[in-house]
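Asker: Handing you this structure, nothing more for now.
Number of protein chains: 2
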Amino acid sequence: MSHRFYVPGVHAVGETVALPAEEAEHAARVLRLKVGASVGVFDGRGGEYTGVVISANKHVSVRIDGLGTPAAEPTVSVTLVHAVAKGDKMDEVVRDAVMMGVAAILPIVTARSETSVGALARGRRTDRWRRVAVASAKQCGRAVVPEVREACALQPTAGWLDAVGIPAPRLLLVEPSVEAGSSVDASRVPRPAGQTVALLVGPEGGWAPEETAALAEGCQRVCLGGRTLRADRAALVAVAALFAVWGE
Amino acid sequence: MSHRFYVPGVHAVGETVALPAEEAEHAARVLRLKVGASVGVFDGRGGEYTGVVISANKHVSVRIDGLGTPAAEPTVSVTLVHAVAKGDKMDEVVRDAVMMGVAAILPIVTARSETSVGALARGRRTDRWRRVAVASAKQCGRAVVPEVREACALQPTAGWLDAVGIPAPRLLLVEPSVEAGSSVDASRVPRPAGQTVALLVGPEGGWAPEETAALAEGCQRVCLGGRTLRADRAALVAVAALFAVWGE
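Here it is as structure tokens:
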């Protein structure tokens with residue numbers, strides 16, 4: 440497979456596009472691509488093209504000469520609503536979620552998250568996660584770059600899910616040992632009729648009782664097997680399990 | 440949940456056991472457990488106990504006073520045959536596989552692995568992976584510590600699978616784009632009748648053609664969705680998908 444570059448502005452065969460600064464830097468200095476090299480270009484919204492490098496100095500230009508074949512997109516659109524994990528772990532969560540084919544990611548701050556919306560903004564974390572999403576799309580072959588929304592704080596109220604526009608049905612991932620009675624195993628979750636679904640995943644310390652109580656009305660509780668999953672792997676395991684059950 | 444310790448020699452309620460040196464060090468210096476603290480103790484073969492610390496100096500002793508409830512074990516016994524990944528990535532592979540409930544791990548060196556059996560032995564990597572397996576079992580709640588076998592080199596011959604004792608049926612994970620015609624999606628793999636299965640996962644660069652050819656006779660080729668998975672996540676995704684489909 441030739442190297443792929445993310446060029447949001449590309450839109451037709453025949454045109455010549457300049458790679459954005461970061462992509463050009465990577466192409467020229469790291470990969471040392473020369474004039475004449477075959478490359479892939481994608482627009483982040485599903486468009487995939489093939490092209491040829493026609494200049495490679497400080498700026499790198501690509502002549503688009505055909506349509507490419509990106510990795511297949513799932514038919515079910517998953518919005519991952521994920522409590523921000525400690526340290527750099529959220530980078531891995533975003534990378535893995537994009538690789539699995541989720542459609543959008545909403546980072547949230549919960550009662551047991553060890554951060555705040557303000558701290559995330561000061562650390563420009565959303566920018567970082569968006570770069571991770573682009574890198575992961577390049578690596579896994581997707582031509583779609585999932586939207587990473589600005590982080591927000593979970594409000595433990597009945598109306599919060601609708602207020603922030605989280606699609607239904609909504610699956611709330613819980614630990615099997617804690618919530619056995621009220622949850623269904625992932626292998627028994629039916630394929631969503633409307634082709635959208637939201638998956639809510641808590642932080643290292645789990646959901647606070649007032650959060651599970653507030654979310655009980657709008658969410659189906661789901662558990663995954665009998666072992667305790669690491670917080671930075673739970674979303675990956677859940678999406679893998681659900682997609683397999685739904686035949687994605 | 441109280442802290443859990445791995446004591447291979449524990450075998451009955453009523454006895455007093457000394458924690459092994461590394462576990463004692465962790466209990467006394469890191470966790471600073473005192474006499475009277477409630478702890479969990481497991482034997483690595485499925486036995487789980489509760490106990491009380493009765494001495495905590497250089498040596499830590501625990502009086503076993505009851506049976507505990509470990510995390511449920513899958514009913515299908517999975518042997519993960521995994522090409523050694525680059526750098527420290529195999530640590531993550533082992534950690535995740537134990538968390539998912541695999542029964543045994545056989546690290547292999549393939550044509551495209553960037554290491555050798557000799558280099559792994561000199562680096563005492565098997566010892567390291569065994570420590571990772573114990574740590575993961577403690578974290579995920581399992582009382583079973585899966586066996587991590589000594590690494591061996593994949594021989595691209597028809598008899599190799601039997602020669603090294605890899606259980607059947609055998610599932611060979613392949614990239615969907617490369618091998619589409621000859622592979623089945625994970626969501627269509629039937630539950631193994633004999634309750635054992637082996638899953639073979641290649642290195643970053645994939646299987647060499649002579650390897651897939653030699654393994655074709657003894658293995659079912661399996662692919663996972665349409666995206667290219669990172670080599671250090673493929674096993675995790677595969678086990679999550681298969682267990683979900685099998686209702687584990």
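Line order of the protein sequences matches chains A and B.
Residue numbers for the first sequence follow the working numbering, so the first one is 440 and each next one is one higher.
Residue numbers for the second sequence follow the working numbering, so the first one is 440 and each next one is one higher.
All residues carry an ideal CB built from backbone N, CA and C; glycine is no exception.
(1) Considering Cα atoms alone, identify which of B:Arg551, B:Thr514, B:Val478 is closest to Pro760 (chain B).
(2) Answer yes if the region 449 to 458 of chain B comes into contact with the region 502 to 511 of chain B, meaning at least three C-beta pairs across the two stretches below 8 Å, and no otherwise.
(3) Restricting to runs no shorter than 3 residues, where is the beta strand (DSSP E) found entirely within the region 578 to 619 of chain B?
(4) Going by CA-CA distance only, name the one from B:Ala457, B:Asp530, B:Gly483, B:Glu487 that's closest to Ala495 (chain B).
(5) The beta strand (DSSP E) with Leu654 (chain B) in it runs from where to where?
(6) Enumerate, from N- to C-terminal direction, the unbroken beta strand (DSSP E) stretches of 3 or more residues contained entirely within the region 504 to 568 of chain A.
(7) Would you decide whether Asp575 (chain B) is buried or exposed? Buried here means 16 or more other CB atoms lie within 10 Å of its CB.
(8) Within 8 Å (strictly less), CB to CB, does Thr680 (chain A) reach chain B?
(9) If contacts are defined as beta-carbon pairs under 8 Å, then Ala610 (chain B) and Gln578 (chain B) qualify, I think. What distance do you get, rounded to the angstrom?
(10) Could you name the residues of the same chain whose beta carbon sits closer than 8 Å to that of Phe682 (chain A), not counting the 5 residues immediately before and after it, in chain order?
(11) Under 8 Å Cβ to Cβ from Ala619 (chain A), same chain only, skipping five residues before and after it: list those, please.
(12) Of all Cβ atoms in chain B, is any one closer than 8 Å to the Cβ of Arg669 (chain A)?
(13) Pop quiz: Ala549 (chain B) and Pro606 (chain B) are said to be a contact at Cβ under 8 Å. What is the actual Cβ separation, rounded to whole angstroms?
(14) Of the choices A:Arg627, A:Val583, A:Asp671, whose alpha-carbon is the least far from that of Leu639 (chain A)?
(15) Which chain A residues sit within Cβ distance under 7 Å of Val583 (chain B)?
(16) Arg672 (chain B) CB to nearest chain A CB: under 8 Å?
(17) Compare the beta carbon distance of Ala637 (chain A) and Val520 (chain A) with 8 Å and say whether it is the shorter of the two.
(18) Taking 8 Å as the threshold (C-beta atoms), are Ala625 (chain B) and Val573 (chain B) in contact?
(19) Going by other Cβ atoms of all chains shown within 10 Å of its Cβ, with 16 needed for buried, is Leu675 (chain B) buried or exposed?
(20) Excluding five sequence neighbours on each side, which residues of the same chain lie with their C-beta closer than 7 Å to the C-beta of Ser621 (chain B)?
(21) Mind listing the chain B neighbours of Met538 (chain A)? Cutoff is C-beta to C-beta under 9 Å, in chain order.
(22) I'd like the span of the alpha helix (DSSP H) that includes Leu675 (chain B), first residue to last.
(23) Taking the alpha-carbon positions, what's the Arg564 (chain A) to Ala655 (chain A) distance?
(24) Going by DSSP in three states, Pro446 (chain B) sits in which element: helix, strand or coil?
(25) Using a Cβ-Cβ cut-off of 8 Å, state whether Gly580 (chain B) counts as contacting chain A.
(26) For the region 503 to 535 of chain A, enumerate the residues whose C-beta is nearer than 7 Å to any C-beta of chain B, in chain order.
(27) Could you pull out every residue in the same chain whose Cβ sits closer than 7 Å to the Cβ of Ala542 (chain B), ignoring the five residues on either side in sequence?
(28) Put Ala495 (chain A) into one of helix, strand or coil per three-state DSSP.
(29) Roughly how many whole angstroms lie between the Cα atoms of Asp530 (chain A) and Gly686 (chain B)?
(30) Please report whether the beta-carbon of Val684 (chain A) lies at a distance below 8 Å from any beta-carbon of chain B.
(31) Grab the span of the beta strand (DSSP E) containing Ala466 (chain A) for me, first residue to last.
(32) Does any residue of chain B bring its CB to less than 8 Å from the CB of Gly598 (chain A)?
(33) Using only the alpha-carbon positions, how far apart do Val491 (chain A) and Trp646 (chain B) sit?
(34) With a threshold of 16 other CB atoms inside 10 Å of the CB of Thr596 (chain B), please say whether the residue is buried or exposed.
(35) Consult DSSP for Arg627 (chain A) and reduce its assignment to one of helix, strand or coil.
(36) For a test of the three-state rule: what should DSSP assign to Ala572 (chain B), helix, strand or coil?
Answerer: According to the structure shown:
(1) Here chain B comprises residues numbered 440 to 687, so residue 760 (chain B) is not present and cannot be evaluated.
(2) Touching, yes.
(3) 609 to 612
(4) B:Ala457
(5) Taken as a continuous stretch (DSSP letters only), Leu654 (chain B) belongs to no beta strand (DSSP E), being part of the alpha helix (DSSP H) at 648 to 654.
(6) 516 to 522, 543 to 548
(7) In the sequence as presented, Asp is not what sits at residue 575 (chain B); that position holds Ser. When all chains shown are included, Ser575 (chain B) counts as buried.
(8) First, the residue type needs correcting, since residue 680 (chain A) is Ala and not Thr in the sequence shown. True, the Cβ-Cβ gap to chain B drops below 8 Å.
(9) The sequence shown places Leu at residue 610 (chain B), not Ala. In fact, because the Cβ distance is near 27 Å, the residues do not count as touching under 8 Å.
(10) Pro513, Val515, Met539, Gly540
(11) Bear in mind that the predicted position of Ala619 (chain A) carries a pLDDT of just 49, short of 50, making it unreliable; the figure below should be weighed with that in mind. So the qualifying residues of the chain are Cys662.
(12) yes
(13) Rather than Ala, the amino acid found at residue 549 (chain B) in this sequence is Thr. Contact doesn't hold; Cβ gap of about 19 Å is too wide.
(14) Ranking A:Arg627, A:Val583, A:Asp671 by CA distance to the CA of Leu639 (chain A) puts A:Asp671 first.
(15) The premise fails here: Val583 (chain B) is roughly 10 Å from chain A at the closest Cβ pair, so nothing lies under 7 Å.
(16) For Arg672 (chain B), the nearest CB of chain A lies under 8 Å from its own CB, placing it at the interface with that chain.
(17) Contact: yes.
(18) no
(19) buried
(20) Contacts found: Arg660.
(21) Arg666, Thr667, Leu668, Arg669, Arg672, Val676
(22) From DSSP, the alpha helix (DSSP H) with Leu675 (chain B) extends over 673 to 684.
(23) Their backbone Cα atoms lie some 30 Å apart in a straight line.
(24) Contrary to the premise, residue 446 (chain B) reads as Val rather than Pro in this sequence. Residue state, collapsed to three classes: coil.
(25) yes
(26) Listed by position along the chain: Ala510, Ala511, Asp535.
(27) Ser516, Val517, Thr518, Pro585
(28) The DSSP-derived three-state label of Ala495 (chain A) is strand.
(29) 30 Å
(30) yes
(31) Counting along the chain, Ala466 (chain A) sits inside no beta strand (DSSP E), nor does DSSP assign it H or E at all.
(32) It does not; no Cβ of chain B falls within 8 Å.
(33) 29 Å
(34) exposed
(35) helix
(36) helix
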